[in-house]
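First comes the structure, then the notes that go with it.
Numbering (the working numbering), first residue to last: 224 to 690.
Here you go:
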């Protein structure tokens, strides 16, 4: 059979969902494998007949009959969010959508206590918020590292006594950690449900019983099931978020607790012993976007006003949606750390065509004297047509040697902070612009998108020949 991997080469929201839907429609009975992130994902899919769904944990090809979703052990599983999503999806597809879901028993599970604690913690940060979406992702990961014996996994949802004990202890730990601060939040009236959940002694029992009941609606499985499916079904590995906010390669601390490169998908394929053809797609918007705080050098307030996004509005936890120009240096960096991308999928060309003045970031300029020796070594320098004496021009960044070195990621953000984008103006639109982007990134553009539906995609390369 055939496997595809879809990742986002930006800060997220490039259109992974619509491309996964497109790929699922080019084949039959695909299995959509989620390989990172969790319920914070929001992949919007529209159909030509007017259907729309925001996919979070279900694979974004589930509007196509016969597709299934496999939540791998790299996913942070939220059973309550999955139930809510299933309720919405059931209005668009026949039967119970959960009957088409397989959850790996080793998937780390987000609990309501962790979600509530995440929101309380982010509220207490005030102006120093990290840009959380309030879904408990970071809280769950931190708890797993600090209290591994209390981590809840999908297979625990079939063991009520064990699940109850873990949840009870989680609640106690959160109460002890927040202490008097929880009372302060309670008095403010800002998060009444979260405070009630963390304070109610009956909550652990009720939540445990509900989670066990929910687990009976989907299949609890393992990699052996996915291996059997791979013999007869195409696999589409769907990433969440963007590589530029990857936990190890993003600009720390404005990152996610998730590996958003191809790394996890590549590992799953190796674990399967998969020997078939694989396409690794990187999704790029015709322009750049970022939802929430953090470095975004190409941001343009005028562009933000001109290109509002229906599905990305101001969020209580995530903050505002920002728009900028396509950033070729950062996209090259994303490619360098992606662990294998061979084809570009270029989206939102219809909106790009609506713009009058168009430009892209081709490099960054920074004073050479402002760079330390270590910073200079992290830069991939490039030549420009009209260089200014004393300035260094950045075409990309070098991947670090030590994965866990977050000081390196902070340093990259510092470099961006003292650099200025170098723009190139263009009148190109449509397929000519796609050629321009592909040439500058050194990869073919396999599919171009001119709208929300699969019918508005143009296939430039055979899906089996692009690799």
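Beta carbons are placed, not taken as given, at the ideal position from N, Cα and C, and that holds for glycine.
Keep in mind the model is a prediction, meaning the values are calculated, not measured.
Just the C-alpha distance for residue i and residue j, rounded to the nearest angstrom, thanks.
| i | j | result |
| --- | --- | --- |
| residue 421 | residue 336 | 6 Å |
| residue 298 | residue 275 | 24 Å |
| residue 385 | residue 435 | 11 Å |
| residue 668 | residue 441 | 37 Å |
| residue 534 | residue 231 | 17 Å |
| residue 327 | residue 444 | 5 Å |
| residue 666 | residue 505 | 10 Å |
| residue 479 | residue 383 | 31 Å |
| residue 294 | residue 377 | 10 Å |
| residue 593 | residue 602 | 13 Å |
| residue 432 | residue 555 | 48 Å |
| residue 331 | residue 372 | 12 Å |
| residue 612 | residue 308 | 56 Å |
| residue 324 | residue 316 | 14 Å |
| residue 265 | residue 359 | 15 Å |
| residue 673 | residue 241 | 11 Å |
| residue 281 | residue 287 | 12 Å |
| residue 279 | residue 289 | 19 Å |
| residue 658 | residue 543 | 31 Å |
| residue 237 | residue 244 | 14 Å |
| residue 635 | residue 402 | 37 Å |
| residue 529 | residue 546 | 9 Å |
Is there a C-beta anywhere in chain B that falls below 8 Å from the one on residue i?
| i | result |
| --- | --- |
| residue 418 | Among the protein chains of the structure shown there is no chain B, as only one such chain exists. |
Just checking my contact of residue i with residue j at CB under 8 Å: how many whole Å lie between their CB atoms?
| i | j | result |
| --- | --- | --- |
| residue 311 | residue 262 | Contact doesn't hold; Cβ gap of about 13 Å is too wide. |
| residue 647 | residue 614 | Going by Cβ atoms, the distance from residue 647 to residue 614 rounds to 17 Å, so no, they are not a contact pair. |
| residue 233 | residue 584 | Actually they do not touch by this definition, with Cβ atoms about 12 Å apart. |
| residue 259 | residue 481 | 5 Å |
| residue 588 | residue 645 | 5 Å |
| residue 572 | residue 653 | 6 Å |
| residue 235 | residue 472 | That belief does not hold up - the Cβ atoms of residue 235 and residue 472 are roughly 14 Å apart, past 8 Å. |
| residue 676 | residue 271 | 5 Å |
| residue 268 | residue 300 | In fact, because the Cβ distance is near 21 Å, the residues do not count as touching under 8 Å. |
| residue 622 | residue 559 | 5 Å |
Sort out for me which residues DSSP pairs residue i with in a bridge.
| i | result |
| --- | --- |
| residue 475 | Partner(s): none; residue 475 has no beta bridge. |
| residue 505 | 230 and 567 |
| residue 694 | The question about residue 694 has no answer here: the residues shown for the chain are numbered 224 through 690. |
| residue 267 | 277 |
| residue 644 | 587 |
| residue 460 | 228 and 256 |
| residue 682 | 670 |
| residue 331 | 376 |
| residue 522 | 547 |
| residue 444 | 327 |
| residue 675 | The partner list for residue 675 (beta bridge, DSSP) is empty, contrary to what the question assumes. |
| residue 511 | 547 |
Residue i: buried (16+ other C-beta within 10 angstroms of its C-beta) or exposed?
| i | result |
| --- | --- |
| residue 599 | exposed |
| residue 549 | buried |
| residue 322 | exposed |
| residue 354 | The predicted model places residue 354 with a pLDDT of 48, which falls under 50 and marks its position as unreliable, so this point remains unresolved. |
| residue 469 | buried |
| residue 320 | buried |
| residue 345 | buried |
| residue 292 | buried |
| residue 302 | buried |
| residue 389 | buried |
| residue 413 | exposed |
| residue 251 | exposed |
| residue 363 | buried |
Which runs of the beta strand (DSSP E) spanning at least 3 residues fall entirely within the segment 392-426, listed in chain order?
none
In chain order, each beta strand (DSSP E) run of at least 3 residues that lies wholly inside the segment 545-610
566-570, 581-590 and 602-604
Can you list, in chain order, the stretches of the alpha helix (DSSP H) that have 4 or more residues and sit fully within the segment 336-384?
360-369
Hey, which unbroken runs of the beta strand (DSSP E) at 3 residues or more fall wholly within the segment 613-637?
614-620
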